[in-house]
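So the sequence shown is numbered by the numbering used here: it starts at 3 and just counts up by one.
For every residue, glycine included, the Cβ atom is placed at its ideal position computed from N, Cα and C.
Data block below; observations after.
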Amino acid sequence: MEKIGLSGRTQFPYVHVSVRHNETRIDPFAPSGRLTCNALADTLWETPLEYNAGGLLSLRFLDHLPKIETLRFGRETAPLTNQSPAIVIAAFGFRVQKGDIVTLRIDGPRSTVFEHSITMYRNQAQFMQSGGKKLSRRIWRSGEYHAAATMTRDGQIISELKSAITVP
Numbered sequence: 003m004e005k006i007g008l009s010g011r012t013q014f015p016y017v018h019v020s021v022r023h024n025e026t027r028i029d030p031f032a033p034s035g036r037l038t039c040n041a042l043a044d045t046l047w048e049t050p051l052e053y054n055a056g057g058l059l060s061l062r063f064l065d066h067l068p069k070i071e072t073l074r075f076g077r078e079t080a081p082l083t084n085q086s087p088a089i090v091i092a093a094f095g096f097r098v099q100k101g102d103i104v105t106l107r108i109d110g111p112r113s114t115v116f117e118h119s120i121t122m123y124r125n126q127a128q129f130m131q132s133g134g135k136k137l138s139r140r141i142w143r144s145g146e147y148h149a150a151a152t153m154t155r156d157g158q159i160i161s162e163l164k165s166a167i168t169v170p
């Protein structure tokens with residue numbers, strides 16, 4: 003290991019790891035120095051790493067529609083209350099492909115509050131989808147609210163996240 007610390011404008015610690023042989027840094031994915039697209043290439047991993055075709059990384063409750071940076075960097079927001087202007091969920095993920103379907107759902111104490119599916123129209127390295135419902139009564143009903151986000155590709159769910167909060 004080389005070092006643990008902060009870099010540039012990051013707001014979280016990270017670990018920098020490098021692999022060396024005879025004081026020369028080598029790439030554990032291509033120890034020979036030749037980059038290849040061949041999945042059978044020789045690597046330093048004892049067990050080959052599994053390819054991850056994409057998925058959801060986070061699912062959060064908010065009281066407003068967020069910017070992607072809020073999810074990408076895990077910035078905290080105020081907790082939801084029974085007087086929050088809205089109940090919103092936001093999902094952040096990676097490697098979405100054109101035609102993938104992302105579905106968001108919020109179930110409240112007595113019924114479904116929000117549900118929406120969107121078919122993604124282009125490939126994206128990172129993406130965010132969010133939605134919810136504005137407060138339409140005096141207060142939100144107290145109790146458990148459950149969120150679910152799914153990412154479906156070619157009819158198969160490839161990633162799913164769930165979350166829950168209690169509104170006092």
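Inset, instruction - Determine the contact status of Ala-149 and Ile-120, defining contact as a CB-CB distance below 8 Å. - result: Not closer than 8 Å, so no.
Legend entry - Spatial neighbours of Arg-22 in its chain, beta-carbon cut-off 8 Å, leaving aside the 5 residues before and after: Ile-28
Inset, instruction - Report the residue from Arg-112, Val-19, Leu-137, Gly-157 whose alpha carbon sits nearest the alpha carbon of Thr-105. - result: Gly-157
Inset, instruction - Check each candidate in Gly-133, Pro-111, Glu-48 and name the one with the smallest Cα separation from Ala-93. - result: When Gly-133, Pro-111, Glu-48 are compared, the shortest CA-CA separation from Ala-93 is found for Gly-133.
Legend entry - Straight-line gap, Glu-117 to Asp-44 (C-alpha atoms, nearest Å): Computed Cα separation, rounded: 46 Å.
Inset, instruction - For Ile-70, name the three-state secondary structure that DSSP assigns. - result: helix
Inset, instruction - State yes or no: is the C-beta of Ala-127 within less than 8 Å of the C-beta of Leu-61? - result: Against a cut-off of 8 Å, the Cβ pair of Leu-61 and Ala-127 comes out as no contact.
Legend entry - Under the three-state DSSP convention, the category Val-19 falls into: coil
Legend entry - Range of the contiguous beta strand (DSSP E) that encloses Glu-117: 114 to 121
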